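To keep things clear, I will list the structure first and then write my remarks on it.
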Amino acid sequence: MSASLQNRTALVTGSTDGIGVAIAEALAAQGAHVVVTGRDVERGEKVVAAITGSGGRATFVRADLGRGAAAARELADAAHAVADGPLDILVNNAALLITPGATAEVDEDLIDRALAVNIKATFLLTGLIAPAMAARGHGAIVNMGSINGLFGMAGSALYSTTKAAVHSLTKSWAAEYGPAGVRVNTVAPGPTVTEKIQARMELIAPILAGIPSRRASTPAEVAKAVVFLAGDDAAHIHGATLSVDGGRAAV
Ligand SMILES: NC(=O)c1ccc[n+]([C@@H]2O[C@H](COP(=O)([O-])OP(=O)(O)OC[C@H]3O[C@@H](n4cnc5c(N)ncnc54)[C@H](OP(=O)(O)O)[C@@H]3O)[C@@H](O)[C@H]2O)c1
6 MSASLQNRTA
16 LVTGSTDGIG
26 VAIAEALAAQ
36 GAHVVVTGRD
46 VERGEKVVAA
56 ITGSGGRATF
66 VRADLGRGAA
76 AARELADAAH
86 AVADGPLDIL
96 VNNAALLITP
106 GATAEVDEDL
116 IDRALAVNIK
126 ATFLLTGLIA
136 PAMAARGHGA
146 IVNMGSINGL
156 FGMAGSALYS
166 TTKAAVHSLT
176 KSWAAEYGPA
186 GVRVNTVAPG
196 PTVTEKIQAR
206 MELIAPILAG
216 IPSRRASTPA
226 EVAKAVVFLA
236 GDDAAHIHGA
246 TLSVDGGRAA
256 V
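Everything in the sequence shown is counted per our numbering, starting at 6 for the first residue and increasing by one.
Below, the structure is given as structure tokens:
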């Protein structure tokens, strides 16, 4: 991969933990100044310290994306201040990764929180950031989807519907912002072994048996797909879904 992101600025939501950390590190390794964000200040500062300790550039901005339009606007304003203008890259990665459960047992609060973080915040943040990219004539947005958004899975209705919405938003935004030079794409990981998932491998073990590669993805593998779609090597890729799932979505 030859994508150089020197002099680019990137906002990666949900980069205080899991896959988002790997994405922030990978974008920074390509030269981007990364705005790391999430609710947890301690973890966020740790990610920034690791990036700057390796010679990269990163800034932490705390945000709770479950808190609606005001929180999304504050984050967008802070990220634009770090970038000193429009951002080059937005990665909508933050989500509630919900433990699968029977539809009848999912309570209303969880429905509201999942829709708020996984869909509404993604929608609001893109609406705050993409127009500035479009006005300048270039930008790249990468949404984090999932194999769960591509096909049905018993016990995953709430999470899956939020991810299917993200896949749909990518296509709508490719149509809306593409003509102005803003590329919007999705990365759709299969089960990915973050520290959280590592502690609960029994949840993904049955899925792994049906994956052609017979293993889970790593956060670094998912991050490489994000870096590719965010960079100039993907210059003519709009509205695509890049699966990083060992072939699961194909079989
Ligand atoms: N891991 C997998 O197997 C897998 C598979 C397919 C797709 N995905 C997708 O990949 C993305 C990352 O997943 P992950 O496994 O890395 O999840 P994770 O380890 O649970 O990390 C989630 C990130 O989102 C942030 N976040 C959650 N709620 C937030 C809120 N209200 N406001 C702001 N930030 C919030 C968290 O930060 P704080 O805790 O600091 O708020 C954290 O940085 C998600 O979109 C997920 O759907 C994951």
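C-beta atoms are modelled at their ideal positions from N, C-alpha and C, and glycine is treated no differently. Values in this document were obtained by computation on a predicted structure and should not be read as measured data.
Cross-strand partners of residue i (DSSP beta bridge)
i: PHE65; result: VAL41
i: ILE146; result: LEU95 and VAL189
i: SER222; result: THR197
i: LEU16; result: VAL40 and LEU95
i: THR246; result: THR191
For residue i, the nearest candidate out of the options (CA to CA)
i: VAL87; options: HIS38, GLY71, GLY61 and LEU129; result: HIS38
i: GLY195; options: GLU181, VAL187, PRO217 and PRO184; result: PRO217
i: ALA139; options: LEU155, ASN98 and PRO91; result: PRO91
i: VAL171; options: ALA27, ALA119, GLY36 and GLU110; result: ALA119
i: LEU174; options: ARG253, THR42, ASN97 and ALA81; result: ASN97
i: ALA255; options: ALA126, THR108, GLU47 and ILE152; result: ILE152
i: ILE24; options: ALA235, PHE65, GLU200 and ALA239; result: GLU200
i: MET158; options: LEU10, ARG253, PHE128 and VAL52; result: ARG253
i: GLU50; options: GLU207, VAL66 and SER59; result: VAL66
i: ALA239; options: GLY186, GLU226 and ASP22; result: GLY186
i: VAL111; options: SER161, GLY71 and ALA83; result: SER161
i: HIS83; options: LEU133, LYS168 and ALA121; result: Here residue 83 is Ala; the residue named in the question, His, does not match the sequence. Taking only the C-alpha atoms, the option nearest ALA83 is LEU133.
i: THR191; options: SER177, VAL198 and ILE212; result: SER177
i: ALA137; options: ALA121, THR167 and LEU95; result: LEU95
i: ARG44; options: GLY71, ALA55 and ALA29; result: GLY71
i: VAL147; options: LEU115, LEU102, ASP114 and TYR182; result: TYR182
i: GLY142; options: PRO184, THR127, LYS168 and THR167; result: PRO184
i: PHE128; options: ASP89, SER59 and LYS168; result: LYS168
i: LEU102; options: ARG48, ALA75 and ARG205; result: ARG205
i: HIS241; options: ALA210, VAL198, ARG188 and HIS85; result: ARG188
i: GLY60; options: ALA75, ARG48 and GLU30; result: GLU30
i: ALA121; options: ASP89, THR166, ALA235 and THR246; result: THR166
Counted within 10 angstroms of its Cβ, other Cβ atoms place residue i as buried (16 or more) or exposed
i: PRO224; result: buried
i: PHE233; result: buried
i: THR104; result: exposed
i: SER7; result: Bear in mind that a pLDDT of 41 at SER7, under 50, signals an unreliable position, so the number given afterwards is only what the model happens to contain. Flag for SER7 reads exposed.
i: HIS243; result: buried
i: THR57; result: exposed
i: ASN12; result: exposed
i: GLY19; result: buried
i: SER222; result: buried
i: MET149; result: buried
i: GLY73; result: exposed
i: VAL46; result: exposed
i: ALA135; result: buried
i: ASP117; result: exposed
i: ASP250; result: buried
i: ALA180; result: exposed
i: ARG219; result: exposed
i: GLY215; result: exposed
i: ALA54; result: exposed
i: GLU113; result: exposed
i: ALA75; result: exposed
Anticipated Cβ contact below 8 Å, residue i with residue j, distance rounded
i: ALA145; j: ASP93; result: 7 Å
i: ALA193; j: LEU163; result: At roughly 18 Å, the Cβ-Cβ gap does not stay under 8 Å, so ALA193 and LEU163 are not in contact.
i: ALA228; j: ALA27; result: 4 Å
i: HIS77; j: VAL41; result: The sequence shown places Ala at residue 77, rather than the His named in the question. With 8 Å as the limit, ALA77 and VAL41 do not qualify as a contact, their Cβ atoms being about 16 Å apart.
i: ALA100; j: ASN123; result: 5 Å
i: LEU16; j: GLN35; result: With a Cβ gap of about 15 Å, LEU16 and GLN35 do not count as contacting.
i: LEU32; j: LEU80; result: Actually they are not in contact, since the Cβ atoms of LEU32 and LEU80 sit about 17 Å apart, beyond 8 Å.
i: ILE202; j: ILE212; result: Contact flag wrong, Cβ pair sits at about 11 Å.
i: VAL52; j: THR21; result: 6 Å
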